[in-house]
Amino acid sequence: MAKLDGHGAVGTAKSASAATVTTMATAQTAAVPADVLDVAWRKSSYSGAMGNCVEVARLASGDVAVRNSRDPRGPALVYTQAEIAAFLAGAKEGEFDDLAV
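Under the UniProt record's numbering, residue 101 is the last one in the sequence shown; the count climbs by one each step, no gaps.
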């Protein structure tokens, strides 16, 4: 989830297609759509080689997909540009610093 409009309402991830966003219980059986597989994924340069990374990719729609690098064919969460911008602004402002302890 991401806060929208800075510190306003909470939004939820949306799907580029119905199979894009799945729960962990169905992740092993869900088909991953091509619009999420056939994009240029990237991760932080601070990521190690152990595969404990979050990868991001911009989709043709302009939305941003997020996935676990250990499971590249697994589920991906898809967020709007506004949701990603709100999350990044919150991270820059220290809104999530308590999670790094």
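Glycine residues also receive a C-beta, built at the ideal position from the N, C-alpha and C atoms.
For the region 42-53 and the region 73-83, state whether three or more C-beta atom pairs, one from each stretch, are separated by less than 8 Å.
-> no
Three-pair Cβ contact test at 8 Å for the region 54-64 versus the region 33-44 = The region 54-64 makes contact with the region 33-44: 3 or more CB pairs, one atom from each, lie closer than 8 Å.
When the Cα atoms are used, what is the spatial distance from Phe96 to Glu83?
-> Within the sequence shown, the letter at position 96 stands for residue 96. Within the sequence shown, the letter at position 83 stands for residue 83. Roughly 15 Å between the two C-alpha positions.
Glu93 to Ala100 span [Cα, whole Å] | Within the sequence shown, the letter at position 93 stands for residue 93. Within the sequence shown, the letter at position 100 stands for residue 100. Distance between the alpha carbons of Glu93 and Ala100: 14 Å.
Using the C-alpha atoms, what's the distance from Tyr46 back to Gly62?
-> Stepping through the sequence shown from its first residue, residue 62 is reached at position 62. Stepping through the sequence shown from its first residue, residue 46 is reached at position 46. About 25 Å.
Sheet register partners of Leu77 (DSSP bridge) | Walking along the sequence shown from the start, residue 77 turns up at place 77. Val66, per the DSSP bridge assignment.
Where Arg73 and Ala65 are concerned, what is the direct C-alpha to C-alpha distance, given to the nearest angstrom?
-> Reading the sequence shown from its first residue, position 73 is the one you call residue 73. Reading the sequence shown from its first residue, position 65 is the one you call residue 65. Looking at the two C-alpha atoms, the distance is approximately 13 Å.
In the DSSP assignment, find the unbroken beta strand (DSSP E) run with Val54 in it and report its ends.
-> Residue 54 sits at position 54 when you count from the first residue of the sequence shown. First-last of the beta strand (DSSP E) with Val54: Val54 to Arg58.
Kindly list the residues whose CB is nearer than 6 Å to the CB of Arg67, restricted to its own chain and excluding five residues on each side of it in sequence; keep chain order.
-> Against the sequence shown, residue 67 aligns to sequence position 67. These residues qualify, in order along the chain: Glu55 and Ala76.
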